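Worksheet for the structure shown next.
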Amino acid sequence: MPSDTSENTPDTINNLNRRYQDEDADIILVASDGLRFRVHSYQLRAHSSVFRSMLELCDSSHEIILTDDDIEASDIVCLYLDLSMGHEPDLEATGMVQLGIRCRRLGDFLAKYDAASAKQTFIYALYRWVELEIVSSERVFVVAARMDNRDLCIAALKKGLSWEWKNVASSDEETQAGYAGHSIFDLSAAPLWMIKLTPPTYTLALMRQCRKIGKGMSNEVKNGVIQGFRIELDLLKEGTGGDSSKGIDI
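Residue numbers (the UniProt record's numbering): 1 to 250.
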C-alpha cells in the first residue's frame, strides 16, 4: 500500500518529488496523497494519450488532481515520471515485496493512462529486475499477466519455477506468503492475493500445469511446464477473442 503521506502540504518537497520542481513547468500533477509534481505539459502529452486528452479538454487550471489512493499516490507518480523522462528509478530503500506491489500499481497506472512508451520501458525494467532478483518472480508474473504480456510471464516462470513459499497462505498483498514447501507457481498453494490479481485466462493456463509442478523438477519438466503454459494460454485467448480479461466459456 502507499506510504503514509498524511503530513504532505502544497509546499512539501521530498525524495519523491524533488526532481520534479521545475519553476518553468506549466502543469502541477497533484498525487492522491497531496504531493505535487511540477512538469511540462508537452511531456505529459508526449507520453500518455489520456493526459493529452485531459489537457485538451481542461480549462485554464494548471493543476491535474489525481484521486485514486492505490495507483495515483506519489510513489507511483514518481515512478511514472522517472520512466517517462528517462531517469533511473531510486529502488535502494524498497524491499522486494514492496517493490513487487509497487510494480503492480504502476502497471495499472500505465494502463489507465495509456502510457505506451513508459509501459515498454517498464517491461524492459521488469525483465532486468526479475533476472537480478530485485522483484520476486511471482510478483512479476502477476504484473505481466495484468499487462497481457505472455513473454514476460514466461521469463518469470523460468526464473522462479523452483522457488518455494516459506510462510502460510494469506490474502494480504503485503504479506508474501503461500503454503510452505510448495512452488510459488503452484496455484493450489498460492496466497489469495495472487489468485485475485491474476487475470482468469492466465490463472487457468497456469493451473493446468500445476499437476506437473513439484520438488526436484528436472529441466525437462520445467520446460514442459513453460511450453504447456504457452500453448494453453494461446488456446484460451482464442476462446476470448484475444481479451484475457474476459471470463472463459467452458
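For each residue, glycine too, the CB sits at the ideal point set by N, CA and C.
Small disclaimer: the values here were computed from a predicted structure and weren't measured.
Query, Result
"In angstroms with no decimal places, state the Cα-to-Cα distance between residue 185 and residue 79.", "28 Å"
"Going by CA-CA distance only, name the one from 97, 217, 15, 204 that's closest to residue 129.", "97"
"In whole angstroms, give me the CA-to-CA distance for residue 8 and residue 32.", "11 Å"
"Using 9 Å as the threshold, is the C-beta distance between residue 64 and residue 13 below it?", "no"
"Within the continuous alpha helix (DSSP H) that includes residue 51, where are the two ends?", "49-57"
"Tell me whether the beta-carbon of residue 103 lies closer than 9 Å to the beta-carbon of residue 143.", "yes"
"Based on the DSSP secondary-structure assignment, which residues constitute the bridge partners of residue 30?", "36, 65"
"Rounded to the nearest angstrom, what separates residue 91 and residue 77 at their Cα positions?", "14 Å"
"If we count the other Cβ atoms within 10 Å of its Cβ and call it buried at 16 or more, is residue 213 buried or exposed?", "buried"
"What is the rounded straight-line gap between the Cα of residue 25 and the Cα of residue 116?", "23 Å"
"Quick one: what's got a C-beta closer than 6 Å to residue 34's C-beta in the same chain, skipping five residues either side?", "8"
"Using C-beta distances below 7 Å, list every residue in its chain close to residue 67, excluding the 5 sequence neighbours before and after it, in chain order.", "32"
"Just to check my reading of the structure: residue 71 and residue 108 have Cβ atoms closer than 8 Å, yes? What is that Cβ distance to the nearest angstrom?", "5 Å"
"Give the secondary structure of residue 117 by DSSP, where H, G and I count as helix, E and B as strand, and everything else as coil.", "helix"
"So, is residue 183 buried or exposed, given that buried needs 16 or more other C-beta atoms within 10 angstroms?", "buried"
"Please classify residue 223: is it buried, with 16 or more other beta-carbons within 10 angstroms of its beta-carbon, or exposed?", "exposed"
"Would DSSP call residue 227 helix, strand or coil?", "helix"
"With a threshold of 16 other CB atoms inside 10 Å of the CB of residue 106, please say whether the residue is buried or exposed.", "buried"
"Using a Cβ-Cβ cut-off of 9 Å, state whether residue 165 counts as contacting chain D.", "Note that chain D does not occur in the displayed structure, where there is just one protein chain."
"My parser needs the alpha helix (DSSP H) runs of 4 or more residues fully inside the stretch 166-223; what are they?", "192-197, 200-207"
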